[in-house]
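Chemist: If you scroll down you'll find the structure; I have some questions about it.
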Amino acid sequence: MSKRTKGEPGTRHAIAGKPVPLVDGIEKVTGKALYTADLETEDALIGRILRSPVSHGLISRLDVSKALALEGVRAVVTGADCDHTYGVIPIAMNEYPLARDKVRYRGEAVAAVAAIDAATAELALELIELEIEELQAYYTAEEARAPDAVLLHDDKPGNLEREVHHEFGDLQAGFSNAAFVLSERFDCAEVNHAQMEPHAALAYYDDERSRLTVHSVTQVPFYVHLMLARCLNMDASRIRVVTPFVGGGFGSRTETLNFELIVALLARAANGKVMMRLTREETLITHRGRPHTTVKLKIGMTNEGRIAAVECETVQRGGAYAGYGLVTILYAGALLHGIYDIAAIKYDGYRVYANLPPCGAMRGHGTVDVRHAFECMIDRMARELGLDPFQVRRMNMVAAPSRTLNDLMVNSCGLGECIDAVEKASGWKERKAKLPPGRGLGMACSHYVSGAAKPVHWTGEPHAVVSMKLDFDGGITVFTGASDIGQGSTTMVALAAAEILNVDIARIRLITNDSAVTPKDNGSYSSRVTFMVGNAAIEASKNLRKILVAAAAKKLDANPEDIICEAETFSVRGSEQSMMSFADVAIAALADDGTINVKGTFTCPPEAQGGKHRGGAVGSTMGFSYAAQVVEVSIDPDTCLVTVEKVWAALDCGFAINPLAVEGQIEGSVWMGMGQAISEETVYANGLPVHGSLLEYRMPTIVESPDIDVTIVESIDPLGPFGAKEAGEGALSGFPPALVNAIADAIGIDMNTLPVRPDRLMEALVARRRKDKITARNSEEVS
Amino acid sequence: MSEPMPPFELSRPQTVGQAVKALNALPEGRLIAGGTDLIANMRRGLVESKNLIDISAIAELHEMEFGKDGLRIGAGVTLREICNDMRIRADYPAIAQASDGVAGPGHRAAATIGGNLCQDTRCIYYNQSHWWRKSNGFCLKFKGDICHVAPTGRRCRAAFSGDLAPALIVHGTNIQIAGPGGTRRVAIAELYNEDGSDYLRLAPDEIIIAVHLPAFNPMAPVVSAYEKVRMRGAIDYPLAGVAVSCRRSNTGEAELQIAVTGTNSAPFLLKNVSPFNAGDGLDNYLADLSKLIQKQVSPQRTTTAAAHYRRLTAAAVAQRLARKLLLESSSG
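Each protein sequence line maps, in turn, to chains A and B.
Numbering-wise, the first sequence is residues 6 to 788 according to our numbering.
Numbering-wise, the second sequence is residues -15 to 316 according to our numbering.
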């Protein structure tokens, strides 16, 4: 169980803040929850995708006639069936659901088949005749950026999706104030979300009424809805998007994915129902993971440990299409800010196209690899200067309230408490110097946004809407379009409503994620849901409470200000004998107008929406979570296998509305950071994913999962719902650097490549031995 | 979902004789017991046979018997049964450790010792989907004419990756094989070829029915151990797997047997291992052992881990196990 460090002792709530199991947990743990792939498919055709066998080339011939003629095949679609691009950033939509004219990565969708069963569909794929005139392919950012490189996209010279050049403060003055300047280069492998549930979508097209219904695994049903309308050339009012239970997202589904459009194209072409279940390999090819990133970082530090100036160059190999790319490369620079108070920061970012599956958003979007480099270097500089790594971080922390150099709003910061908590819990001071050989301790800090204050699809609407219905049965139905992707957002909404209305959580029923029923929501990404949807839920609940209180006041012949409501009972202050039950008040409230519908909205104020510089909206947020962690490792001297013995993590989430879910989110973040740090990476053989299964894509198993000691720090954000901020991402990016710092402590080797696979560590050890030998030989010769 | 399972016909013989007959009638038929290797390969289109012969109903194959001649383990005994058996853990520890190290608990509950011995060789260019292999022009092991690991070579370099074989090798195990002409017994090392696409020396209508281990002799005990190098503590196949056994003679000399899996296309017994005499000095002995292993293993780019790493760690793990057993057996 987690420990909690309360921010304000006066913060008292009847319901919010107490650990409760997730409201949808029972279905999940009993196997009764229906995920997209579990939906009824008795009358559905099976859809399969033909994927490009080459990395880069022009489609010279595509003949589907033999496939169409095969018995049992009901539809075949190709790029000719959709001439609209799709994407998540309105200015960067350069991908077609099915390739037209050109393919840009191995595995890109070229055609798709709907047939009566999977075997027939597979057979039909074999009958499609595809000829491609191959072009030069690039698998690294360096190759793709070469001056004479063939362009993947004609309008993107240099194969650059986006360049960013941001400079804040006086860099020269900063570095001249520094006593010690260190420059290093880090390489972080591309990683994938590897969420438990492979991709799936079910589409139903009704030709008579020109209506389309799509069920999908998405984190962003609203964006999927928009892209379906765009790519199928349909009126959005004829489309319905439903999200059933989702088996994890982590960013893999924060934009519309090609299979969601392809399944709809197939359903329309077949005038029926089509189920598409992707294999793990196809799910990995759909990708949208964290790009391979090179970080060149230069940091200047004073003798006392103050960070004087920072210069950072980041190159991300983004894959073949834009996706979220420009946001990722902007985040990488923007989140150099917001955790430490630094006088000057220069950032140059390059998002590069390459002939590989497109990257996208992944937990800790944009910040993880840069934070990794930063926290490793801070540690090395502290070591060099003989300073305590905890003290260096404390000395540089941002103060709250404040605004960062790049104009981000900081209203609360519990980083100091996080640092104190993990230092104490890990016994750092007592244990550090006494660890046996091959064992080490490392620490690092991190932060993350609580939702993008300016959404990628900017319409001017509120950032979140929650609606509620109270009816004759006294039941409160809450409607939200936010996808619960396992993070517990539905439970959070239920708790917020129960708290404000002072009712039993069992009185609240949640209806989520059906565009025909629930209000539009931007989706579950950038850790926005608790802050934005939570605040909207509070407002909706307050609006309903106002109606109930007025009804109770009328019945009890009192002023509304004198009505108190506790544990589903309304009474008049000072004369508690006149009481009304919730059910009676509900009936009284319904008497005049019948069924009550209310809603609440939330909008991020303009001052939260970032600076005026180009790209300034990215990184802007209502509040940052802060985290610190200590990692203890041991290293096998024979195999160089790194074992994570224990982790101590503390996260400032503002306020834990559901501490049980917060604890799970912190553990999940730490664990995912561990995967990236020790074993996970994509590996391509000339563009073919060698890592196409969970055997080769090595996410940690339960054997690698360490004991994680969690402390929840509550800084009570002035604008957060009950003071809450995000909890699901902030602790991730601290893990890899804490691990690398612990390895340095254990065996004196500074690793600059992620993941720290045992073969890489052994190579580094062998290289050091060789170097030591040469040094020893040279010194012998000298003496 | 996984790739669709291709259609197949299943027969379920009740005796070894019926199974041999079934294989004899359908030489391309494939035996299935636990299915943990075969089913995954079938889904990926790596198995062309449409006939599966399920041998899990043959009672004889599930028997395990400790007799005065030694231990007989039926080929259908599961890895879970082996690693949970207290006598195997005590008398043949390498075998229990090897079983315990295979994949995950779910696999071990289904997977059999016979299946583990016959497990298909593995390679990152082979264990992929049909689309993947087709896009890559297939390979020497299946439907192609080139080995992507060693394109100038003439043979398949896929790595044998079963964990049990080396443990059985260092315990001097014999394999009992049934065929149309009756049964035969061979030393386990003779079951294998150093060729990834033709790694088993079994006729199409032969079945491994049991393994025979020599009896444990308390007067001249053999101690043993197995360790596999892998990136994760579960699921992963061995990047290198090493079994070591050690027998002390009356004179104090220790005879070591060392077998390796995961680095070559066949598991093999290390050649030219000299006995250890206390007078030689343990560190020198182990250093020589390390050189011997590094010379005899032949890891290729069949996994995503560096081949050199597999060579170095095979040697390091062998040294570690040898040191442990030599110290144990001298103190005991």
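Cβ coordinates follow ideal geometry from the N, Cα and C atoms, glycine included.
1) If you measure beta-carbon to beta-carbon, which residues of the region 285 to 301 of chain B are closer than 7 Å to chain A?
2) Report yes if the C-beta distance between SER576 (chain A) and ARG245 (chain A) is below 8 Å; otherwise report no.
3) Please report how far the alpha carbon of HIS132 (chain B) lies from the alpha carbon of ILE79 (chain B), in whole angstroms.
4) Output, in sequence order along the chain, the residues in the region -8 to 24 of chain B whose CB is closer than 7 Å to any CB in chain C.
5) Closer than 8 Å, CB to CB, is ALA262 (chain B) near chain A or not?
6) Can you list the residues of chain A that ALA218 (chain B) reaches, using a CB-CB cut of under 8 Å?
7) Is DSSP giving ASP38 (chain B) helix, strand or coil here?
8) Over the uninterrupted alpha helix (DSSP H) stretch that includes CYS332 (chain B), give me the two end residues.
9) What residue range is occupied by the uninterrupted alpha helix (DSSP H) comprising VAL331 (chain A)?
10) Could you work out which residues of chain B lie near GLU127 (chain A), taking near to mean beta carbons separated by less than 7 Å?
11) For ARG56 (chain B), which residues from the same chain have a beta carbon less than 6 Å from its beta carbon, with the 5 sequence-adjacent residues on both sides left out?
12) Label PHE740 (chain A) either buried or exposed according to how many other C-beta atoms from any shown protein chain fall within 10 Å of its C-beta, with 16 as the threshold for buried.
13) If CYS317 (chain A) and LEU341 (chain A) are in contact, beta carbons under 8 Å, what's the gap, nearest whole angstrom?
14) Do we get a CB-CB distance below 8 Å when we pair ARG512 (chain A) with the residues of chain B?
15) Mark ARG774 (chain A) as exposed unless 16 or more other C-beta atoms lie within 10 angstroms of its C-beta, in which case mark it buried.
16) What residues of chain B sit near GLY697 (chain A), judged by a beta carbon separation below 9 Å?
17) For HIS61 (chain A) and LEU165 (chain A), what's the separation of their Cα atoms in angstroms?
18) Got a sec, what are the start and stop residues for the alpha helix (DSSP H) ILE161 (chain B) sits in?
19) Select from the region 276 to 293 of chain A all residues with a C-beta closer than 8 Å to any C-beta belonging to chain B, and list them in chain order.
20) Per DSSP, what kind of secondary structure is GLN321 (chain A) in: helix, strand or coil?
21) With a threshold of 6 Å on Cβ separation, who are the neighbours of LEU665 (chain A) within its own chain once the five nearest residues in sequence on each side are excluded?
22) Can you name the residues of chain A whose CB is closer than 7 Å to the CB of MET344 (chain B)?
23) Under 8 Å Cβ to Cβ from CYS418 (chain A), same chain only, skipping five residues before and after it: list those, please.
24) For THR286 (chain B), which residues from the same chain have a beta carbon less than 7 Å from its beta carbon, with the 5 sequence-adjacent residues on both sides left out?
25) Against chain B, which members of the region 44 to 70 of chain A pass a CB distance test of less than 7 Å?
26) Could you tell me which chain A residues have their CB closer than 9 Å to the CB of ASN120 (chain B), listed as they occur along the chain?
27) For HIS91 (chain B), tell me which candidate among B:ASN177, B:ALA218, B:LYS212, B:GLY236 has the shortest Cα-Cα distance.
28) So who's on the other strand from HIS297 (chain A), going by DSSP bridges?
29) Quick one: what does DSSP say CYS236 (chain A) is sitting in, helix, strand or coil?
30) Classify GLY15 (chain A) as buried or exposed, calling it buried when 16 or more other Cβ atoms lie within 10 Å of its own Cβ.
31) Given that a residue counts as buried once 16 or more other Cβ atoms are within 10 Å of its Cβ, and exposed if not, what is ASN99 (chain A)?
32) If contacts are defined as beta-carbon pairs under 8 Å, then GLY324 (chain A) and LEU361 (chain A) qualify, I think. What distance do you get, rounded to the angstrom?
33) Anyone know if the C-beta pair for LEU270 (chain B) and ALA238 (chain B) falls short of 8 Å?
34) Do MET386 (chain A) and LEU176 (chain A) have their beta-carbon atoms positioned less than 8 Å apart in this structure?
35) Decide if the region 571 to 589 of chain A is in contact with the region 294 to 310 of chain A; the criterion is three or more beta carbon pairs, one per stretch, under 8 Å apart.
36) Helix or strand or just coil, what does DSSP make of ALA306 (chain B)?
Modeler: Here's the rundown:
1) Within the region 285 to 301 of chain B, the residues whose Cβ lies closer than 7 Å to some Cβ of chain A are THR288, ALA289, ALA290, TYR293, LEU296, THR297, ALA300, VAL301, listed in chain order.
2) At least 8 Å separates the beta-carbon of SER576 (chain A) from that of ARG245 (chain A).
3) If you take the alpha carbons of HIS132 (chain B) and ILE79 (chain B), they lie about 33 Å apart.
4) Here chain C cannot be found, since the structure's protein chains are A and B.
5) For ALA262 (chain B), the answer is no, since every Cβ of chain A falls outside 8 Å of its Cβ.
6) In chain order: THR706, ILE707, VAL708.
7) In the structure shown, ASP38 (chain B) sits in a strand (DSSP, three-state: E or B).
8) Residue 332 (chain B) is absent from the model: chain B starts at -15 and stops at 316.
9) Checking the displayed sequence, the identity of residue 331 (chain A) turns out to be Leu instead of Val. Per DSSP, LEU331 (chain A) belongs to the alpha helix (DSSP H) from 330 to 339.
10) Listed along the chain, the chain B residues whose CB falls inside 7 Å of the CB of GLU127 (chain A) are PRO(-12).
11) The residues are GLU49, ALA194, HIS196.
12) Per the 10 Å Cβ criterion, buried.
13) About 6 Å; that satisfies the 8 Å criterion.
14) Closer than 8 Å: no.
15) So ARG774 (chain A) counts as exposed.
16) Result: GLN112, SER113, TRP116.
17) CA-CA distance, HIS61 (chain A) to LEU165 (chain A), rounds to 17 Å.
18) From DSSP, ILE161 (chain B) is part of no alpha helix (DSSP H) but of the beta strand (DSSP E) over 158 to 163.
19) Correct list: ARG282, LEU283, THR284, ARG285, GLU286.
20) Three-state DSSP puts GLN321 (chain A) in a strand.
21) A distance below 6 Å between beta-carbons, with the five flanking residues on each side excluded, links LEU665 (chain A) to the following residues of its chain, in chain order: PRO24.
22) No answer is possible for residue 344 (chain B): the residues shown for chain B start at -15 and end at 316.
23) Cβ within range, chain order: MET402, VAL403, ALA404, ALA405, PHE629, TYR631, ASP657, SER720.
24) Shown here for THR286 (chain B): same chain residues with a beta carbon closer than 7 Å to its own, the five before and five after excluded, namely ARG106, CYS107, ILE108, VAL133, ARG141, ALA142, ALA143 in chain order.
25) Of all residues in the region 44 to 70 of chain A, ARG56, PRO58 have a Cβ within less than 7 Å of some Cβ in chain B.
26) Under the 9 Å cutoff, chain A gives PRO58, ALA690, ASN691, LEU693.
27) With respect to the C-alpha of HIS91 (chain B), the residue from B:ASN177, B:ALA218, B:LYS212, B:GLY236 having the closest C-alpha is B:ALA218.
28) BP columns for HIS297 (chain A) point to A:ARG322.
29) Three-state result, CYS236 (chain A): helix.
30) Residue placement at GLY15 (chain A) is flagged as unreliable, the pLDDT there being 44, under the threshold of 50; the coordinate-derived value follows with that caveat. By the 16-neighbour rule on beta-carbons within 10 angstroms, GLY15 (chain A) is exposed.
31) A residue is called buried when at least 16 other Cβ atoms come within 10 angstroms of its Cβ; ASN99 (chain A) meets this threshold and is buried.
32) Indeed they touch by this definition, with Cβ atoms about 5 Å apart.
33) A distance of 8 Å or more separates the beta carbons of LEU270 (chain B) and ALA238 (chain B).
34) Not a contact, by the Cβ cut-off of 8 Å.
35) Contact between the region 571 to 589 of chain A and the region 294 to 310 of chain A is absent: fewer than 3 CB-CB pairs across the two stretches fall below 8 Å.
36) Here DSSP, grouped into helix, strand and coil, assigns ALA306 (chain B) to helix.
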